[in-house]
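Reading through the structure tokens given below for one structure.
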Amino acid sequence: MSNPYSEALGATLIDRTVREKIVLVGVTLPGSTDDDTEASLDELELLVDTAGADVCARLVQRRDAPDHTFFIGKGKAEELKSICLAVDADTVVFDNELNPAQQFQLEKLLGRTAIDRTAVILDIFAQNAHTLEGRAQVELALLRYRLPRLRRGGTAKLSQQRGGVGARFGGGETKIEVDRRRINRRIRSLEVELRELASTRALQRKSRSRSGLAEVTIVGYTNAGKSTLLNRLTQAGVLAENRLFATLDPTTRRLALPGGEPVLLTDTVGFVRRLPHGLIEAFKGTLEVAATADQLVHVVDAGAPDPEGQIAAVREVLSEIDADRVPEMIVFNKSDLDPTGAADLVADHPGSVAVSSLTGDGIDLMLATLGDRLRSLTEVVELFIPWDRGDVLASVHREGQIVSTADEADGQRTRVRLSDASLGRLREFVVASSAEGGE
0 MSNPYSEALG ATLIDRTVRE KIVLVGVTLP GSTDDDTEAS LDELELLVDT
50 AGADVCARLV QRRDAPDHTF FIGKGKAEEL KSICLAVDAD TVVFDNELNP
100 AQQFQLEKLL GRTAIDRTAV ILDIFAQNAH TLEGRAQVEL ALLRYRLPRL
150 RRGGTAKLSQ QRGGVGARFG GGETKIEVDR RRINRRIRSL EVELRELAST
200 RALQRKSRSR SGLAEVTIVG YTNAGKSTLL NRLTQAGVLA ENRLFATLDP
250 TTRRLALPGG EPVLLTDTVG FVRRLPHGLI EAFKGTLEVA ATADQLVHVV
300 DAGAPDPEGQ IAAVREVLSE IDADRVPEMI VFNKSDLDPT GAADLVADHP
350 GSVAVSSLTG DGIDLMLATL GDRLRSLTEV VELFIPWDRG DVLASVHREG
400 QIVSTADEAD GQRTRVRLSD ASLGRLREFV VASSAEGGE
């Protein structure tokens, strides 16, 4: 029998002709300022637009703590209801995370759907997931999000019948116990499916590791230009749009650095402030490529309103997936839009570079810097390879960076930088080694 949640996932890819009207709500809590709240609401408005809806109004409140019933105060909730009636809003979106009880009480008072930032991000991911693994990851995250929100007395509906932002999945109205069993069964099925896919990916990663090539992973805030950079460097031809979360599925391409050494370059899903924990958990298998990389290229939009905040948000996610120990190189992208601002950011972050993935400015410096970074992580070894081992000579030239060679009667003496994987296979030919700094 077909699964209604999977069928709904497919339906999310159909464009809608009528855009919903949305009212945004932000609450300034201790530890943040009104400016922080407005900046976060600006980003939420971009997320809502990406999801396919229009923001008609905003409501902001400052509180010492969230109200346990409505998150905002009862008076503000009544004001919010009046605003919704005035603009004929379809949905209310809170920038703060709502618990299931607050969401239920708000919908009861407002007479319309109330969702939070997490639901909007899940909705966007649902629209942009195209591969088997990406769709399974998004569906798993959304079902985990929906499960505790099944509360409508004896019946439950995973989404409004009309659909809309934050309500793209669902099988209609059924008994709550039946829905819970079906969702839990589907969650277990997806977890098994993703474990199998993770095993396949681990084998692929092991195969790439045996190639001896260094692995470089591009990370960064959503819409920072990661896919455009990958296309500029490798002509990968991946989708690169000026919209949030245009890329969900990782793409790996081979890249030759200026010194001649090849590396594997992988693009990843963009991050965002307060990325839902459920999404991080669901995408953990995909994001492992960052944790196992030799070098991270952290792409930052130099023209963003708060690049430092975006850097911090990305590093927070990297920490969650144990990728914060991987060496990081910051690349300030879109320098063509504000060269002076990009130069100031580079000055504030020693070792970083400014580039324009669109025009190609700064790309040569970025590649040279990346090559230097990778070489600093490798050891220089001296090999003696007999002339009758042409296969080994070819492997060394293919996988490493040659420092010097000297032909002798019985073979070639070669000083070369090699990855750990390559060095392990060629250990029998090693005659000497030296640290990078000892040259």
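Numbering (numbering that gives the first Met the number 0) for the sequence shown: 0 to 438.
The beta-carbon is built from N, C-alpha and C at its ideal position, and this holds for glycine as well.
Since the model is a prediction, treat every value here as computed from it, not as a measurement.
Please list, in chain order, all residues of the same chain as residue i whose beta carbon is under 6 Å from its beta carbon, the five residues on each side excluded.
i	result
P147	P99
A448	Nothing about residue 448 can be reported from this structure: the residues present for the chain run from 0 to 438 only.
D419	none
S355	S334, D335
V17	none
L254	L232, T233, V262, L264
R143	G277
T27	D33, T36, R61
I384	V391, L392, G410, Q411, F428
G152	Residue confidence is low: G152 scores 43 on pLDDT, short of 50, so the model does not pin down where it sits. Its coordinate-derived value is still stated next. Correct list: empty, nothing qualifies.
L79	L58
V136	Residue identity differs from the one stated: residue 136 is Gln in this sequence, not Val. Cβ within range, chain order: A281, F282.
N95	V26
If you drop the 5 nearest sequence neighbours on each side, which residues of the same chain put their C-beta closer than 7 Å to that of residue i?
i	result
L382	V395, T413, V415, L425, F428, V429, V430
C83	V22, V91, L109, R111
L357	T227, D335
Short check: CB of residue i to CB of residue j, under 8 Å?
i	j	result
T441	P249	In the structure as shown, the chain starts at 0 and stops at 438, and residue 441 therefore has no counterpart that could be examined.
L139	E195	no
L229	L264	yes
E327	L295	yes
A353	G359	no
G269	N222	yes
D66	G72	yes
V313	V218	yes
Y220	Q126	no
Pull the bridge partners of residue i from the DSSP assignment, please.
i	result
R253	L263
Y220	F270
A406	The residue asked about is misnamed: residue 406 is Asp in this sequence, not Ala. Answer by DSSP bridge pairing, in chain order: Q411.
Q294	V215
N332	D300
Q60	V26
E307	Its beta-bridge partners do not exist; DSSP assigns none.
R374	DSSP, once it has assigned bridges, lists no residue as partnering R374.
L417	E378
D66	F70
E327	L295
F383	R412
E19	A52
Return the residue from the list the options that minimises the CA-CA distance to residue i.
i	options	result
L256	A213, A289, L295	A213
V215	L232, D387, D178, A201	L232
E260	Y220, G370, T221, F244	G370
A290	I310, A312, T267	T267
K283	G219, V316, A303	V316
V379	V402, D390, P385, W386	V402
C55	V86, S81, K80	V86
V325	V288, R388, D53	V288
I320	A292, F331, G308	A292
E132	E78, R181, S198, G308	S198
Q400	G258, V218, G423, A322	G258
E192	P306, G72, A281	A281
Q203	T251, R180, D363, I217	T251
P349	R314, K107, V330	V330
E77	K107, L43, P29	K107
E407	D53, G423, D387	D387
Leaving out the 5 sequence neighbours to the left and right, which residues in its chain are closer than 8 Å to residue i when beta-carbon positions are compared?
i	result
R57	V22, L23, V24, G25, L40
Q102	A113, I114, D115, R148
L97	F70, L105, A113, I114, D115
D305	A38
T404	Q411, R412, T413, R414
E42	V271, R272
N2	Residue confidence for N2 is low, a pLDDT of 43 falling below 50, so the modelled location carries little weight and cannot support an answer.
A311	none
D323	R314, L317
Is residue i close to the ligand NAP? I mean its beta-carbon at under 7 Å from any heavy atom of the ligand.
i	result
T251	No copy of the ligand NAP occurs in the structure displayed, which carries no ligand at all.
Evaluate contact between the segment 262-278 and the segment 184-193, counting only Cβ atoms and requiring at least three cross-stretch pairs below 8 Å.
-> Pairwise C-beta distances place the segment 262-278 out of contact with the segment 184-193, as fewer than three of them are shorter than 8 Å.
Spell out a yes or no on whether the segment 87-94 and the segment 17-25 are touching, meaning 3 or more CB-CB pairs, one atom from each, closer than 8 Å.
-> Touching, yes, given that three or more Cβ pairs across the two stretches are closer than 8 Å.
Spell out a yes or no on whether the segment 293-302 and the segment 31-38 are touching, meaning 3 or more CB-CB pairs, one atom from each, closer than 8 Å.
-> By the Cβ test, the segment 293-302 is not in contact with the segment 31-38, since fewer than three Cβ pairs between them sit closer than 8 Å.
Determine contact between the segment 337-345 and the segment 373-389, defined as no fewer than three beta-carbon pairs at a distance below 8 Å.
-> Contact between the segment 337-345 and the segment 373-389 is absent, because fewer than three Cβ pairs lie under 8 Å.
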